[in-house]
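Mature numbering (1 follows the signal peptide of the UniProt record, and there is no 0) puts the sequence shown at residues -22 to -1, 1 to 111.
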Amino acid sequence: MKFSAYIIAASLLLGSVTSAYANAYDSISVYAIEKSHGSIATGSNTAYVKTYNITISNLSDTEADLSKICLKAYSAENKELRLDTVDANLVTGFLKKGQPATGTAIFASHDDIISKPVIVKLSDNCNFVRISR
(Lines of atoms letter the chains of each structure in order from A and count residues from 1; the text may use other names and numbers.)
(Lines give C-alpha, C1' and ligand atoms only; values in the text may rest on other atoms or scores of the structure.)
Protein backbone atom coordinates (compact mmCIF):
# COMPACT_ATOMS: atom_id res chain seq x y z
CA MET A 1 0.00 0.00 0.00
CA LYS A 2 1.35 3.45 -0.94
CA PHE A 3 0.54 4.96 2.43
CA SER A 4 2.69 2.43 4.30
CA ALA A 5 5.56 3.15 1.93
CA TYR A 6 5.33 6.87 2.79
CA ILE A 7 5.42 6.15 6.53
CA ILE A 8 8.39 3.80 6.11
CA ALA A 9 10.23 6.36 3.96
CA ALA A 10 9.55 9.11 6.50
CA SER A 11 10.73 6.84 9.30
CA LEU A 12 13.97 6.06 7.49
CA LEU A 13 14.55 9.68 6.56
CA LEU A 14 13.81 11.11 9.98
CA GLY A 15 15.01 8.19 12.07
CA SER A 16 18.65 9.03 11.50
CA VAL A 17 18.29 12.62 12.66
CA THR A 18 15.87 12.31 15.57
CA SER A 19 18.52 11.48 18.16
CA ALA A 20 19.90 15.01 17.84
CA TYR A 21 16.65 16.55 19.07
CA ALA A 22 15.95 17.11 22.75
CA ASN A 23 12.21 17.54 22.25
CA ALA A 24 10.32 14.29 21.63
CA TYR A 25 7.81 16.18 19.47
CA ASP A 26 10.53 16.97 16.97
CA SER A 27 10.54 13.22 16.25
CA ILE A 28 6.89 12.98 15.25
CA SER A 29 6.25 12.72 11.53
CA VAL A 30 3.18 14.48 10.10
CA TYR A 31 1.78 13.19 6.82
CA ALA A 32 -1.01 15.42 5.46
CA ILE A 33 -3.05 14.68 2.33
CA GLU A 34 -5.46 17.34 1.11
CA LYS A 35 -8.97 15.89 1.12
CA SER A 36 -11.04 18.90 0.05
CA HIS A 37 -11.20 22.66 -0.03
CA GLY A 38 -14.10 25.04 -0.11
CA SER A 39 -15.71 28.07 1.44
CA ILE A 40 -18.27 29.04 4.05
CA ALA A 41 -20.48 32.13 3.77
CA THR A 42 -22.97 33.43 6.32
CA GLY A 43 -24.29 36.84 5.37
CA SER A 44 -21.26 39.05 4.81
CA ASN A 45 -18.93 36.71 6.76
CA THR A 46 -16.83 34.41 4.60
CA ALA A 47 -14.04 31.91 5.15
CA TYR A 48 -12.05 29.52 3.02
CA VAL A 49 -11.46 26.01 4.38
CA LYS A 50 -9.14 23.13 3.56
CA THR A 51 -9.57 19.60 4.95
CA TYR A 52 -6.68 17.17 5.40
CA ASN A 53 -6.40 13.48 6.18
CA ILE A 54 -3.61 13.48 8.77
CA THR A 55 -1.38 10.65 9.98
CA ILE A 56 1.16 11.29 12.71
CA SER A 57 3.77 8.73 13.68
CA ASN A 58 6.10 8.73 16.68
CA LEU A 59 9.70 8.10 15.56
CA SER A 60 11.30 8.65 18.99
CA ASP A 61 12.00 6.13 21.73
CA THR A 62 9.67 7.86 24.21
CA GLU A 63 5.92 8.23 24.33
CA ALA A 64 4.51 11.53 23.12
CA ASP A 65 1.69 13.21 25.03
CA LEU A 66 -0.59 14.42 22.24
CA SER A 67 -2.51 16.70 24.62
CA LYS A 68 0.55 18.96 24.79
CA ILE A 69 0.84 19.53 21.05
CA CYS A 70 -1.32 20.87 18.24
CA LEU A 71 -1.45 20.91 14.48
CA LYS A 72 -0.61 24.12 12.65
CA ALA A 73 -0.74 24.89 8.95
CA TYR A 74 1.29 27.48 7.11
CA SER A 75 0.95 29.05 3.67
CA ALA A 76 3.87 29.37 1.27
CA GLU A 77 4.25 32.92 2.64
CA ASN A 78 4.60 31.40 6.15
CA LYS A 79 1.24 32.80 7.28
CA GLU A 80 -0.36 30.59 9.94
CA LEU A 81 -3.85 29.30 9.17
CA ARG A 82 -6.45 28.81 11.88
CA LEU A 83 -7.20 25.25 12.97
CA ASP A 84 -10.98 25.00 12.81
CA THR A 85 -11.68 21.34 13.61
CA VAL A 86 -9.51 18.34 14.49
CA ASP A 87 -10.27 14.70 15.34
CA ALA A 88 -9.68 14.09 19.05
CA ASN A 89 -7.35 11.12 18.51
CA LEU A 90 -4.80 13.47 16.90
CA VAL A 91 -4.59 15.69 20.00
CA THR A 92 -5.38 13.42 22.97
CA GLY A 93 -3.75 10.40 24.57
CA PHE A 94 -0.23 9.06 24.19
CA LEU A 95 1.54 7.99 21.03
CA LYS A 96 4.00 5.12 21.52
CA LYS A 97 7.13 4.56 19.44
CA GLY A 98 6.22 3.65 15.87
CA GLN A 99 2.51 4.02 16.57
CA PRO A 100 0.47 6.06 14.08
CA ALA A 101 -2.63 8.12 14.78
CA THR A 102 -4.93 9.11 11.93
CA GLY A 103 -7.75 11.60 11.60
CA THR A 104 -9.02 14.72 9.92
CA ALA A 105 -8.06 18.35 10.44
CA ILE A 106 -9.76 21.40 8.93
CA PHE A 107 -7.96 24.73 8.57
CA ALA A 108 -9.60 28.06 7.77
CA SER A 109 -8.62 31.52 6.54
CA HIS A 110 -10.50 34.71 5.71
CA ASP A 111 -8.46 35.18 2.55
CA ASP A 112 -7.74 32.80 -0.29
CA ILE A 113 -4.12 31.99 0.68
CA ILE A 114 -5.49 28.62 1.75
CA SER A 115 -6.10 27.75 -1.91
CA LYS A 116 -2.32 27.57 -2.42
CA PRO A 117 -0.04 24.81 -1.10
CA VAL A 118 -0.03 24.48 2.69
CA ILE A 119 2.37 22.65 5.02
CA VAL A 120 0.98 21.00 8.18
CA LYS A 121 3.28 20.76 11.21
CA LEU A 122 3.17 19.93 14.91
CA SER A 123 3.80 22.55 17.56
CA ASP A 124 3.94 22.67 21.34
CA ASN A 125 3.11 26.40 21.20
CA CYS A 126 -0.68 26.06 21.20
CA ASN A 127 -3.08 28.90 21.90
CA PHE A 128 -6.47 27.27 22.25
CA VAL A 129 -8.96 26.17 24.86
CA ARG A 130 -9.68 22.45 25.13
CA ILE A 131 -13.30 21.53 25.69
CA SER A 132 -13.94 18.51 27.91
CA ARG A 133 -17.00 16.33 27.52
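From the three backbone atoms N, C-alpha and C, an ideal C-beta is built for every residue, glycine too.
So, with DSSP's three-state summary, where would you put residue i?
i, result
"residue 93", "helix"
"residue -2", "Bear in mind that a pLDDT of 45 at residue -2, under 50, signals an unreliable position, so the number given afterwards is only what the model happens to contain. DSSP places residue -2 in coil when its eight states are reduced to three."
"residue 43", "strand"
"residue 73", "strand"
"residue 5", "helix"
What distance in whole Å lies between the Cβ atoms of residue j and residue i, which are believed to be in contact at a cut-off of 8 Å?
i, j, result
"residue 36", "residue 11", "The pair is not a contact, with the Cβ atoms about 19 Å apart (cut-off 8 Å)."
"residue 33", "residue 80", "5 Å"
"residue 99", "residue 54", "14 Å between Cβ atoms; not a contact."
"residue 41", "residue 73", "7 Å"
"residue 19", "residue 88", "11 Å between Cβ atoms; not a contact."
Check the DSSP bridge columns for residue i and list the partner residues they point to.
i, result
"residue 48", "101"
"residue 58", "52"
"residue 15", "28"
Any chance the region 83 to 103 sits against the region 52 to 63, with 3 or more Cβ pairs inside 8 Å? yes
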